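Engineer: Chains as they are written, first to last, in my numbering: chain A, 651 to 826; chain B, 651 to 826.
Protein chains: 2
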Amino acid sequence: MPAKISTLASRKAAARRPAGGLSPLEVEAIDLFISFVRLLGMPKSVGEIYGLLFASPEALALDALMERLHMSKGAASQGLKVLRSFGAVRTVYVAGDRRDHYLADFELSKFASAFIKEEVQPHLDSGAARIARMEQHLVKLPKAEREAATLRLAKLRHWKEKGEGMLPWLLKFLVA
Amino acid sequence: MPAKISTLASRKAAARRPAGGLSPLEVEAIDLFISFVRLLGMPKSVGEIYGLLFASPEALALDALMERLHMSKGAASQGLKVLRSFGAVRTVYVAGDRRDHYLADFELSKFASAFIKEEVQPHLDSGAARIARMEQHLVKLPKAEREAATLRLAKLRHWKEKGEGMLPWLLKFLVA
DNA sequence: CATCGCGTTCATTTTTATTTGAACATATTG
DNA sequence: CAATATGTTCAAATAAAAATGAACGCGATG
């Protein structure tokens with residue numbers, strides 16, 4: 651009964667890696683990480699790649715990612731570049747294969763701290779610069795307006811300090 | 651010497667509200683809030699509106715925003731809708747004027763807590779649901795793969811709990 | 001040293017997000 | 001109640017972000 655055997659075999663395969671496609675588990679993981687990276691303002695493809703690598707027991711090469719995620723070589727390459735840049739992914743050596751093979755690093759905090767260091771911190775810095783510039787403009791205002799503006803500037807400074815105070819704590823919490 | 655007087659007058663005006671445009675102080679505030687709202691994934695127009703209102707001592711009506719920010723009525727209306735929705739802006743009554751006049755609320759934490767409640771919390775919730783679904787799939791895997799996958803799922807659960815533990819703290823910190 | 005395999009880059013295309021503007025709803029005024 | 005003022009909504013236009021795919025660089029291989 652070859653028919654039945656092949657049916658069973660393909661059903662089993664489907665539970666794992668259906669027709670070169672994705673298992674339900676992988677799909678869930680990918681969806682999860684897509685929405686996670688979107689929350690951090692990163693492109694979907696980064697989430698797809700990390701999701702698949704996260705779910706994958708073995709290291710995957712670029713062409714495996716392309717094929718299984720239906721993604722162009724360029725997108726896969728750029729996504730891996732981002733993931734490498736903050737250590738969410740690392741390469742492993744595979745004997746007799748000169749392609750790079752990627753494995754997910756499970757420290758999710760790397761996403762968050764990359765986000766903080768690359769997005770939040772620069773924003774705080776430029777914010778500080780802007781507040782300084784605003785103080786320059788302040789002195790040129792007529793007194794009535796100056797008072798109101800001074801109050802507002804104080805609010806901004808307050809928030810900048812709050813942010814600056816929070817970041818180190820947040821980083822520590824995440825890494826812990 | 652009317653020429654000189656007018657020059658001085660226009661320079662002074664320029665420091666405040668140049669030709670129906672924006673003062674340097676307002677420009678700085680607007681830039682600051684544009685990058686702030688972009689960080690939270692909100693449209694630029696929301697930052698422009700809040701920035702101008704933040705810098706503005708008097709309450710502004712929709713048409714003033716349109717004119718000074720070079721923005722369509724639709725964008726202004728929708729931006730205000732967003733800002734109202736999380737209380738970053740409130741209306742004040744102006745005698746003998748039936749337009750709504752808007753004032754910035756200085757509690758910046760409202761942006762952050764809106765972001766958390768509208769973006770982060772739902773993501774955590776859907777993440778929890780996904781983890782549950784992944785557990786369903788888990789039992790259908792062959793033992794070898796199941797072990798690896800179980801480990802990964804434990805990581806996810808760990809992070810979900812970490813996130814859930816952090817949010818209340820973060821909210822409290824922000825509001826404080 | 002010519003060819004091939006692997007990965008990166010970047011101009012172009014596609015997709016997604018935002019803005020515009022006109023139609024509409026609603027409230028006000030004469 | 002017609003005319004007007006104000007604000008909202010939403011389909012279409014525009015702008016911004018991301019993906020594609022071909023060209024390129026570089027090292028390995030025969």
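We treat Cβ as the ideally placed atom computed from N, Cα and C, and that holds for glycine.
Keep in mind the model is a prediction, meaning the values are calculated, not measured.
#1: Can you list, in chain order, the residues of its chain whose CB lies under 7 Å from that of A/G641, leaving out five sequence neighbours each side?
#2: For B/D755 and B/A738, which I take to be in contact (beta-carbon distance under 8 Å), what is that distance rounded to the nearest angstrom?
#3: Please list the partners that A/M816 has in chain B, where partner means a Cβ-to-Cβ separation under 7 Å.
#4: Give a yes or no on whether 9 Å exceeds the smallest Cβ distance from A/R748 to chain B.
#5: For the beta strand (DSSP E) that contains B/R740, what are its first and last residues?
#6: List, in order along the chain, the chain B residues whose C-beta lies closer than 7 Å to that of A/P693?
#7: Leaving aside the five residues before and after A/R740 along the sequence, list all residues of the same chain whose C-beta is less than 8 Å from its C-beta, in chain order.
#8: According to DSSP, is A/I655 part of a helix, a strand, or is it coil?
#9: Tell me, to the nearest whole angstrom, how far the beta carbon of B/R780 is from that of A/L689; I am working on the premise that it is less than 8 Å.
#10: Under 9 Å, Cβ to Cβ, is there at least one residue of chain B near A/F686?
#11: Does the distance from the CB of A/A725 to the CB of A/S695 come in under 9 Å?
#12: When burial is assigned at 16 or more other CB atoms within 10 Å of the CB, is B/Y700 buried or exposed?
#13: Between B/H773 and A/S685, which are expected to be in contact by the criterion C-beta below 8 Å, what is the C-beta distance as a whole number of angstroms?
#14: Going residue by residue through the segment 663-748 of chain A, where are the continuous beta strand (DSSP E) segments of at least 3 residues, counting only ones entirely within it?
#15: What is the DSSP secondary structure of B/L753, reduced to helix, strand or coil?
#16: Helix, strand or coil for A/P818 per DSSP?
#17: With DSSP collapsed to three states, give me the class of B/V770.
#18: Excluding the 5 residues preceding and the 5 following B/V742 in the sequence, name in chain order all residues of the same chain whose CB lies nearer than 8 Å to its CB.
#19: By the criterion of Cβ-Cβ separation under 9 Å, what are the contact partners of B/D681 in chain A?
#20: Any beta carbon of chain B sitting closer than 9 Å to that of A/L730?
#21: Buried or exposed: which applies to A/E768, given that a residue is buried once 16 or more other Cβ atoms fall within 10 Å of its Cβ?
#22: Excluding five sequence neighbours on each side, which residues of the same chain lie with their C-beta closer than 6 Å to the C-beta of A/F736?
#23: Checking 9 Å against the spacing of the C-beta atoms, do A/E698 and B/H787 come in under that value?
#24: Between the beta-carbon of A/I642 and the beta-carbon of A/L803, is there less than 9 Å?
#25: Count the other CB atoms within 10 Å of the CB of A/S829; is the residue buried (16 or more) or exposed (fewer)?
#26: Please confirm whether A/F756 has its beta-carbon closer than 9 Å to some beta-carbon of chain B.
#27: For the segment 703-736 of chain A, enumerate the residues whose C-beta is nearer than 8 Å to any C-beta of chain B, in chain order.
#28: Considering just the uninterrupted stretch of the alpha helix (DSSP H) at B/K760, what are its terminal residues?
#29: To which residues of the same chain is A/V732 closer than 6 Å at the C-beta, ignoring the five residues directly before and after it?
#30: Roughly how many angstroms separate the alpha carbons of B/L675 and A/R783, rounded to a whole number?
#31: Count the other CB atoms, across all protein chains shown, that sit within 10 Å of the CB of A/R801; report buried if there are 16 or more and exposed otherwise.
Structural biologist: Checking against the coordinates, here is how it stands:
#1: The question about residue 641 of chain A has no answer here: the residues shown for chain A are numbered 651 through 826.
#2: Within the second sequence, residue 755 of chain B is the residue found at index 105, counting from 1. Within the second sequence, residue 738 of chain B is the residue found at index 88, counting from 1. Indeed, because the Cβ distance is near 6 Å, the residues count as touching under 8 Å.
#3: For the purposes of this step, residue 816 of chain A is identified with residue 166 of the first sequence, where counting begins at 1. Within chain B, the residues near A/M816 are F823.
#4: As a working note, residue 748 of chain A is residue 98 in the first sequence. Chain B, which has no Cβ nearer than 9 Å to the Cβ of A/R748, makes this no.
#5: Here residue 740 of chain B is taken as the residue at index 90 of the second sequence, counted from 1. Residues 739-742.
#6: The count along the first sequence starts at 1 and reaches residue 693 of chain A at position 43. The premise fails here: A/P693 is roughly 13 Å from chain B at the closest Cβ pair, so nothing lies under 7 Å.
#7: Looking up residue 740 of chain A in the first sequence gives position 90. The residues are R734, Y752, L753, D755.
#8: In the first sequence, the residue the question calls residue 655 of chain A occupies position 5. Low confidence applies to A/I655: its pLDDT is 35, below 50, so where it sits in the model is not reliable, and the reading given next is rough at best. Here A/I655 sits in helix by DSSP.
#9: The residue given as residue 780 of chain B occupies position 130 in the second sequence. The residue given as residue 689 of chain A occupies position 39 in the first sequence. For a cut-off of 8 Å, the C-beta gap from B/R780 to A/L689 is around 14 Å, too long to register as a contact.
#10: On the first sequence, position 36 is the one that residue 686 of chain A refers to. Chain B contact via Cβ: present.
#11: Counted from its first residue, the first sequence places residue 725 of chain A at position 75. Counted from its first residue, the first sequence places residue 695 of chain A at position 45. Yes; because the gap between Cβ atoms is below 9 Å, this pair is in contact.
#12: Counting from 1 along the second sequence, the entry for residue 700 of chain B is found at position 50. Burial call: buried.
#13: Position 123 of the second sequence, counted from the start, is the residue given in the question as residue 773 of chain B. Position 35 of the first sequence, counted from the start, is the residue given in the question as residue 685 of chain A. About 6 Å separates the two Cβ atoms, so the contact holds.
#14: 739-742
#15: For the purposes of this step, residue 753 of chain B is taken as residue 103 along the second sequence, with counting starting at 1. Three-state DSSP puts B/L753 in a strand.
#16: Sequence index remark: in the first sequence, residue 818 of chain A carries index 168 (1-based). A/P818 falls in the helix class under three-state DSSP.
#17: Here residue 770 of chain B is taken as the residue at index 120 of the second sequence, counted from 1. B/V770 falls in the helix class under three-state DSSP.
#18: Position 92 of the second sequence holds residue 742 of chain B. The answer, listed in chain order, is A709, H751, Y752, L753.
#19: Position 31 of the second sequence, counted from the first residue, corresponds to residue 681 of chain B. Close to B/D681, with beta-carbon spacing below 9 Å, are these residues of chain A in chain order: S776, R780.
#20: In the first sequence, counting from the first residue as 1, residue 730 of chain A sits at position 80. Cβ-Cβ to chain B under 9 Å: no for A/L730.
#21: Here residue 768 of chain A is taken as the residue at index 118 of the first sequence, counted from 1. Exposed.
#22: Along the first sequence, read from residue 1 onward, the residue named residue 736 of chain A stands at position 86. Cβ within range, chain order: K760, A764.
#23: Counting from one through the first sequence, the residue named residue 698 of chain A turns up at place 48. Counting from one through the second sequence, the residue named residue 787 of chain B turns up at place 137. For A/E698 and B/H787, no; Cβs fall outside 9 Å.
#24: Because chain A here runs from 651 to 826, residue 642 of chain A falls outside it and cannot be looked at.
#25: Residue 829 of chain A lies beyond the stretch modelled for chain A, which goes from 651 to 826, so this question has no answer here.
#26: Sequence index remark: in the first sequence, residue 756 of chain A carries index 106 (1-based). It does: the Cβ of A/F756 has a partner Cβ on chain B nearer than 9 Å.
#27: Residues passing the 8 Å Cβ filter: F704, A705, P707.
#28: By 1-based counting over the second sequence, the position of residue 760 of chain B is 110. Note, B/K760: alpha helix (DSSP H), 759-765.
#29: Indexing the first sequence from 1 puts residue 732 of chain A at position 82. Correct list, in chain order: V696.
#30: Position 25 of the second sequence holds residue 675 of chain B. Position 133 of the first sequence holds residue 783 of chain A. Straight through space, the alpha carbons of A/R783 and B/L675 are spaced by roughly 8 Å.
#31: Taking the first residue of the first sequence as position 1, residue 801 of chain A is located at position 151. Looking at the sequence shown, residue 801 of chain A is not Arg but Leu. Exposed, because fewer than 16 other Cβ atoms sit within 10 Å of the Cβ of A/L801.
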